[in-house]
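Residues 0 to 254 in numbering that gives the first Met the number 0 are what the first sequence lists, from first letter to last. Everything on this sheet refers to the single structure shown next.
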Amino acid sequence: MKVATWNVNSVKVRLPLLLDWLDAAKPDVVCLQEIKCLAADFPLMELRGHGYRAEIVGQKSYNGVALLSKEPARDVITALPGDGGDSQARYLEASFGDIRIATIYLPNGNPVDSDKYRYKLAWLERLRAHAVTLLHQERPFVLAGDYNVIPEPEDVYDPVAWREDALFRTETRRAYRGLVNLGLTDAFRAFHAEPHRYSFWDYQAGRWQRDEGLRIDHLLLSPQAADRLVAADIDKTPRDKDKASDHTPVWCELN
DNA sequence: ATGGTTGCCTCGCAA
C-alpha cells in the first residue's frame with residue numbers, strides 16, 4: 000500500500016496538478032492538508048473520475064484536511080481527541096485495509112510569543128497522547144502530514160536564520176521528539192540519511208530555484224507499520240510545475 | 001538585501 004502526504008495549499012487551485020499527480024504516482028491513500036474549503040465545496044466528482052473517494056474535514060478559507068483513497072475508508076474520526084473546543088479543521092483518521100491512517104495539519108505557531116504558539120505546543124501534546132492510545136492497540140498506523148516541525152538542523156537550508164522560528168526552536172523540536180521517541184519511525188529517514196532533502200520551499204525569494212527549503216512533511220509509522228516499510232521518498236516533480244503548491248508530496252510503501 | 005509570493009467571498013491575514 001502506497002501512502003502519501005501533500006499540503007496542496009487550496010485543493011481548488013491545485014486540482015489539475017493533483018489529478019495529474021494521482022494518475023502518475025498511483026497512491027492508494029493520500030493525506031491532504033490546507034484544502035482551504037468547506038467539505039461541500041470539495042471537488043468530489045472530479046476525483047471520482049480518477050478513481051478516488053474522499054473523506055473531508057473542511058473549513059472556510061483556512062486549514063482543512065482530507066483522505067483520498069481507492070478503497071472506502073472505515074471507522075472515520077474527524078478531530079484530534081483532547082480538546083472538544085478546538086474547531087480548526089486539522090485532523091482526520093480512518094482505516095484502510097488493516098492500516099490506520101491519519102492526515103495531520105499541525106499549527107504553524109508563529110509568532111512564538113502568541114496564543115498561536117501555545118496552541119501549537121498543546122496540539123503536539125494532544126497528538127502525543129493520542130499516539131500513546133494508538134500504540135496500545137499494537138496495530139499498524141501512519142500519522143502523515145504537514146507537521147510544521149523541522150526535526151534537525153540538516154532539515155533546513157539555514158538553521159541559524161530559523162533558530163527561533165516556531166518550526167525549529169528548541170521547545171518545538173523537544174515536543175516533536177516526545178512524539179517520535181514513543182517508538183515511531185520517520186519513513187523518509189528510514190531510507191535517506193543525506194542532509195538537505197526538503198518537502199517545502201517558500202514561494203518568496205527564489206527559494207525553490209535555490210533549493211532552500213524545509214523538511215516539515217512527515218510520515219510517522221508505528222512499529223507494526225515500520226516492519227512492513229519497503230520504500231519512501233519525496234517526490235519533487237509537482238513543485239516544479241506552474242501553479243505549484245509550496246509543498247511537494249512525500250510517500251511511503253508498506254507491504 | 002528586512003526584499004519577495006500565494007490564496008483566502010480580502011481592503012489584511014495566514015503561510
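Glycine residues also receive a C-beta, built at the ideal position from the N, C-alpha and C atoms.
The continuous stretches of beta strand (DSSP E) do not include R125, which lies in the alpha helix (DSSP H) extending over residues 114-135. Note that the segment 120-137 does not touch the segment 55-73; fewer than 3 beta-carbon pairs, one per stretch, sit closer than 8 Å.
Non-local C-beta neighbours of W200 in its own chain, meaning closer than 6 Å and more than five positions away in sequence, comprise R206, W207, G212, ordered along the chain.
Unbroken beta strand (DSSP E) stretches of 3 residues or longer found wholly inside the segment 169-245: 216-220, 228-233, given in chain order. Around Y118, the same chain offers P106 as residues with beta carbons nearer than 6 Å, after the five sequence neighbours per side are excluded. If you draw a straight line from the Cα of P42 to the Cα of Q32, it is about 14 Å long. The Cβ-Cβ distance between L67 and Y90 does not fall below 7 Å. Bounds of the alpha helix (DSSP H) holding L43 are 43-47.
Taken through DSSP and simplified to helix, strand or coil, W161 comes out as coil. For A88, no alpha helix (DSSP H) run applies, since DSSP gives it neither H nor E.
Of I103, V12, P194, the smallest CA-CA separation from Q87 is found for I103. As DSSP reads the structure, S68 sits in a beta bridge with V28, R52. Of the residues R209, L183, S113, the one whose Cα lies closest to the Cα of V155 is R209. DSSP places C251 inside the beta strand (DSSP E), whose first and last residues are 249-253. For G144, the enclosing beta strand (DSSP E) begins and ends at 140-145. About 26 Å separates the CB atoms of P139 and A23; that is not less than 8 Å, and the two are not in contact.
Under DSSP, the beta-bridge partners assigned to K1 are E252. Here L166 is near I149, since their CB atoms are less than 7 Å apart.
Between T4 and V249, the C-beta gap is smaller than 7 Å, which places the two residues in contact. Between the segment 229-240 and the segment 158-173, the count of Cβ pairs shorter than 8 Å is below three; the stretches do not touch. C-alpha of V159 to C-alpha of E153: approximately 11 Å in a straight line. By the criterion of a C-beta distance shorter than 8 Å, P110 is surrounded in its chain by Y116, A165, once the five residues flanking it on both sides are discounted. The three-state reading of DSSP puts D97 in coil, since its state is none of H, G, I, E or B.
The shortest C-alpha to C-alpha distance from H135 to any of L253, A143, A174, L183 is the one to L183.
Where I76 is concerned, the enclosing beta strand (DSSP E) starts and stops at 73-76.
The C-beta distance from N8 to S244 rounds to 4 Å, short enough to fall under 8 Å.
Here S60 has K35 as same chain residues with Cβ atoms under 7 Å from its own Cβ, once five neighbours each way along the sequence are excluded.
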